[in-house]
Every structure is written in structure tokens, then in C-alpha cells.
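Using the numbering used here, read the sequence shown as starting at 6 and increasing by one per residue.
From the three backbone atoms N, C-alpha and C, an ideal C-beta is built for every residue, glycine too.
These numbers were taken from a predicted model, which means no experiment stands behind them.
Scroll down for the structure; my scribbles are underneath it.
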Amino acid sequence: WTWNSLIDQHPTYVSLSFVYNYVSHTSLQSLYKKFDDLWWHQLLPNRSVDVLQDVLHKTNAFIERHRPWSAGYSHLSRSEVLGICLESLRLIACFLAPIVPRLSSNIFQQLGLGSNDGCRQEAFRPLCKGQHRPLIPRLRTPKN
């Protein structure tokens, strides 16, 4: 069992290669290899999570660069930009599911996938109908 076997066969709204060509400039296969190698072979799960954080940072930079809220700003359509970002989040949630299941479940629910269906073959739908709430609430300091 590897992460590759879990996610590799899942059709998505936008193709996985399209996501990773635009977001991380690396192949999806190399993401699986890096993650599996660090987690299972080098026994460095904390470093494997760093690989996922790198994809998240690149996804954030991608959405800032293409600005889907500004019409005509990017050569990509608004739906392509949002689709790439949503698929990146879904894949990150799949990788994180064994580590932080509640966070992954929240991501899947907000993507309209159901808490346990985000990594399933038929999971992703082009329209997300989830509830829009912060995944991780802000810390609030008590007022004295």
C-alpha cells in the first residue's frame, strides 16, 4: 500500500498533471515518491508533511498570481484556476487523512465531498457545495 495507489486512479475535474504543472512544476508521481520515501523509507514523517506544505505554498502563490477574482487577469479561465486550487486541496487532504483526520474531514466537507469520500474514485465534483467556514479557527485572546 502506498499513497500513490490511493490517489493515482482517481478522476478529477481538472487533470492531475494540469494541477501539478501549474502549481508545483513537478510531476504528481514525484510528489508520491517524495512523500513515500520520507515517510516509509527514511522514517521522517515530519519531513513528508513539509513536502505537502510546499505544495500548499505553491498553490497559494498560484492563486495570488492568477487572481480569479479579477476578470481578464490571467490566461487561464476562472474555473481552471479555482479547479486547480480545489484539486490541490483535495489531494493534500488525502495525504493528511491518516495524520490529521479531522482536518482532512473538514476539507472534504467544505469541498462538498463528505467526510470520508475525498480520496474515493468518484469523489470530486466540479461544483463544490460544502459549507464555507475556516478550517482552523483563529485563536482568540480573552478580553480583560
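Assign residue i to buried or exposed, taking buried as 16 or more other Cβ atoms, counted over all protein chains shown, within 10 Å of its Cβ.
i, result
"PRO16", "Model confidence at PRO16 stands at a pLDDT of 38, short of 50, so the residue's coordinates are unreliable and nothing is read from them."
"SER93", "buried"
"TYR37", "buried"
"ILE89", "buried"
"THR146", "exposed"
"SER109", "buried"
"GLU127", "Any reading at GLU127 needs caution, since the residue's pLDDT is 47, under 50, leaving its predicted position unreliable; the model's value is listed next. GLU127 comes out exposed."
"LEU5", "As shown, the chain starts at 6 and ends at 149. That puts residue 5 outside it, with no answer to give."
"LEU49", "exposed"
"VAL86", "buried"
Quick one, are the C-beta atoms of residue i and residue j less than 7 angstroms apart?
i, j, result
"SER35", "LEU43", "no"
"ALA98", "ILE112", "yes"
"LYS39", "VAL60", "no"
"LEU116", "ARG83", "no"
"ARG72", "TYR78", "yes"
In the DSSP assignment, find the alpha helix (DSSP H) that holds residue i and state where it starts and stops.
i, result
"LEU81", "Careful: LEU81 lies outside any alpha helix (DSSP H) and carries neither H nor E."
"ARG63", "For the record, residue 63 in the displayed sequence is Lys; it is not Arg. Here the alpha helix (DSSP H) through LYS63 covers 50-71."
"LEU108", "106-115"
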